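Below, the structure is given as structure tokens:
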């Protein structure tokens, strides 16, 4: 079997990218890794080369949680990119340049065989996918005919689509941060994705090396949340 050259998160939340990183599949930072995203918006952006994404006039700060910025055109939330004690306008150019690099990298990557992974947000999103599955796959495969999509759901039993369903009756939070560990079948599937072994080892090595930096970043973010919530 030909191996996937990339395994890429399509959201809807940060845990997908976190799990891919922990398992050795995350090659670099990409546009959907750390955003909260509706899937319809994700597909529209991919199909239109991210048209009007991150326009300054569409960015609004959350009234209560000042560290959250929303792109009102796409209903996307940025939790990690904007500082709460600076204006959006002051930071916009730097954040936009960062995402432009990630977007270019995304399109470069998906010309090679890619497995996309999406964590389904809600029953409404599941219904959208059922109704638009052929279109979704045509968009993802216009860059490489062998690109595939894996769908993961916490509490929706899929009968019409290829999906791994996770049931988390005893988990005390709404969306699991380590969802791959919540289901043995899913964990087996995720850890056996056909992917270059050398790349996987390098990704895991980089991930482990980043532990101290991520610890202090997470501590800083926690302090910001406490101060600005």
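Residue numbers (our numbering): 4 to 232. Glycine residues also receive a C-beta, built at the ideal position from the N, C-alpha and C atoms. Predicted, not measured: the structure shown is a model, and the values here were computed from it.
Measuring only the C-alpha atoms, how far is residue 81 from residue 204? 30 Å
To the nearest angstrom, how far is the alpha carbon of residue 60 from that of residue 48? 18 Å
Given a threshold of 16 other Cβ atoms within 10 Å of its Cβ, counted over all protein chains shown, does residue 55 qualify as buried or as exposed? exposed
According to the neighbour-count rule (16 or more other Cβ atoms, all chains shown, within 10 Å of its Cβ), is residue 51 buried or exposed? exposed
Alpha carbon to alpha carbon, how far is residue 14 from residue 36? 6 Å
Helix, strand or coil at residue 167 according to DSSP, with G and I counted as helix: strand
For residue 129, count neighbouring Cβ atoms within 10 angstroms of its own Cβ and tell me buried if that reaches 16, exposed if not. buried
Which residue's Cα is closest to the Cα of residue 199: 137, 166, 21 and 118? 118
Express the C-alpha separation of residue 75 and residue 213 in angstroms, rounding to a whole number. 33 Å
Between which two residues does the beta strand (DSSP E) harbouring residue 64 extend? 62 to 64
For the alpha helix (DSSP H) containing residue 136, name the first residue and the last one. 126 to 144
With 16 other Cβ atoms within 10 Å as the buried cut-off, status of residue 97: exposed
Residue 106 and residue 154 closer than 8 Å at C-beta: no
Below 8 Å on the Cβ atoms is my contact criterion, and I expect residue 77 with residue 196 to pass it. Report the Cβ-Cβ distance as a whole number of Å. With 8 Å as the limit, residue 77 and residue 196 do not qualify as a contact, their Cβ atoms being about 29 Å apart.
Cutoff 8 Å; reference residue 206; Cβ partners in own chain excluding five residues on either side: 24, 27, 28, 29 and 30
Just how far apart, CA to CA, sit residue 306 and residue 43? In the structure as shown, the chain starts at 4 and stops at 232, and residue 306 therefore has no counterpart that could be examined.
Between the C-alpha atoms of residue 126 and residue 32, what's the straight-line distance to the nearest angstrom? 29 Å
What are the uninterrupted segments assigned as beta strand (DSSP E) that are 3 or more residues long and contained completely in the region 67 to 117, given in chain order? 72 to 74 and 79 to 81
Residue 119 in three-state terms, based on DSSP: strand
Give the secondary structure of residue 44 by DSSP, where H, G and I count as helix, E and B as strand, and everything else as coil. helix
Inter-residue spacing [alpha-carbon to alpha-carbon] between residue 104 and residue 190: 31 Å
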